[in-house]
Every structure is written in C-alpha cells, then in structure tokens.
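Enquirer: Here this note's numbering runs 700 ahead of the position in the sequence shown, where the first position is 1. All C-beta atoms in this analysis are idealised placements derived from N, C-alpha and C, irrespective of residue type, glycine included. In this text, all values refer to a predicted model and were calculated from it rather than measured experimentally. Got a structure for you, questions after.
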Amino acid sequence: KAAASIFVTGSFWFQAAPMAAAIETLGLVRDTDYLERITALGERLRSGMAERASAAGFSFRQTGPVTMPLFLFDDDPDLRKGFCFSSAMLERGVYVHPWHNMFLCAAMTKADIEAALDAADGAFGELKRQSASLQPVPKLAFLTTGGTR
C-alpha cells in the first residue's frame, strides 16, 4: 500500500535484489571510510581539473558535489567543446560525459584520479588544437535550437 501511494520511476526499484543491495551499501557507507575517501578523491579531481583547464587557457566550471562532478566550458553554449574534450579523454582511456554529472565510486583510487588528470592534460591540449575548427554536434544543435534546423 505504501508503495502505491507515491510516484517512483525506475525499472527495478520495487524488487528485492535492489533493496538488498541498497541496505548492504548503506552498511558499507556507515562502517567504512568510503564517503571520506571518495570525497577526498573528488576534491583532488576538481582541483586538478581546474588547474589544468586554467593552464590550457580555458574558462572551465565544475558543478555538483565533488563526488558527482560535472565539467563544463563557460563559452560553450552548444557543448562542442565539451564533446571534443570528452572524446579526447575517452581516447586516453577516461570516460567523462559532456553534459551530465558523473559518479565517483568506492573502487576508484588515487592512481585512478591521477591517471584521469594526466589524460586531461592531453585532452585540454587536443581541445586547444581543435577549438577554431569545432563544428556543432548535429543532434545536440537540433535540440538546442528548439527543433529548428
């Protein structure tokens, strides 16, 4: 009855396995240094990304909690820089999303964050090389113009 009285989206939220996993996860958050550790990793990622963006000459902002970062370029209304940067990061083995928050997790280590920052050095360089010739992302350009072509 309680579940029927609220609106919930998601495919599996009312099944037993996800609930059991959630309970186990809450126990791990309570009983380990998980939250403190990923917060420190997120702070390192955020400060390192800011340093690298500034060094490469980009106006770069980060939003969201440090454990759920979102990287955006200030002068990038149609996200062409974001897509270029994300692609350059992926080519270097690091997946970042061009417009959505990402999520740090317990499996990540300091070495993972440093590897991501090393990749960012190259990705910012690649973005700098390509900036003058970047084209709008077709599907996104269509969406950001209110559906006009």
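1. Out of Ala820, Ile738, Leu790, which has the shortest C-alpha to C-alpha gap to Thr767?
2. Helix, strand or coil for Thr763? Go by DSSP, reduced to three states.
3. How many whole angstroms separate the CB atoms of Arg752 and Asp821, which I take to be in contact at a CB cut-off of 8 Å?
4. Put Leu770 into one of helix, strand or coil per three-state DSSP.
5. Since Lys828 and Gly757 should fall inside the 8 Å C-beta cutoff, what is the C-beta to C-beta distance between them, to a whole number of angstroms?
6. Quick one: which unbroken beta strand (DSSP E) runs of 3-plus residues sit fully inside the segment 770-835? Chain order, please.
7. Using the rule of at least 16 other Cβ atoms within 10 Å of the residue's Cβ for burial, across every protein chain shown, is Cys805 buried or exposed?
8. Using a Cβ cut-off of 8 Å (strictly closer), state whether Phe760 contacts chain D.
9. Helix, strand or coil: which one does DSSP assign to Lys839?
10. Can you tell me which of the three DSSP states Asp731 falls into?
11. Please classify Met789 as buried or exposed, where buried requires at least 16 other C-beta atoms within 10 Å of its C-beta.
12. Taking 6 Å as the limit between beta carbons, can you name the residues of its chain near Arg826, skipping five residues before and five after?
Expert: For this structure:
1. For the purposes of this step, residue 767 is identified with residue 67 of the sequence shown, where counting begins at 1. Distances from the alpha-carbon of Thr767 to those of Ala820, Ile738, Leu790 put Ile738 closest.
2. Here residue 763 corresponds to residue number 63 of the sequence shown, with the count starting at 1. Reduced to three states, the DSSP call for Thr763 is strand.
3. The sequence position of residue 752 within the sequence shown is 52, counting from 1. The sequence position of residue 821 within the sequence shown is 121, counting from 1. 6 Å between Cβ atoms; contact.
4. Translated into positions along the sequence shown, residue 770 becomes position 70. Strand at Leu770.
5. Position 128 of the sequence shown, counted from the first residue, corresponds to residue 828. Position 57 of the sequence shown, counted from the first residue, corresponds to residue 757. Yes, they are in contact, since the Cβ atoms of Lys828 and Gly757 sit about 7 Å apart, within 8 Å.
6. Counting only runs that start and end inside the segment 770-835, the beta strand (DSSP E) elements of at least 3 residues fall at 770-773.
7. Stepping through the sequence shown from its first residue, residue 805 is reached at position 105. Cys805 sits exposed, since fewer than 16 C-beta atoms from the chains shown fall within 10 Å of its C-beta.
8. Among the protein chains of the structure shown there is no chain D, as only one such chain exists.
9. Your numbering for residue 839 matches position 139 in the sequence shown. Helix at Lys839.
10. Against the sequence shown, residue 731 aligns to sequence position 31. Here Asp731 sits in helix by DSSP.
11. Translated into the one-based positions of the sequence shown, residue 789 becomes position 89. Buried, by the Cβ-count rule.
12. Reading the sequence shown from its first residue, position 126 is the one you call residue 826. Before going further, note that residue 826 is Glu rather than Arg in the sequence given. Hits under 6 Å: Ala788.
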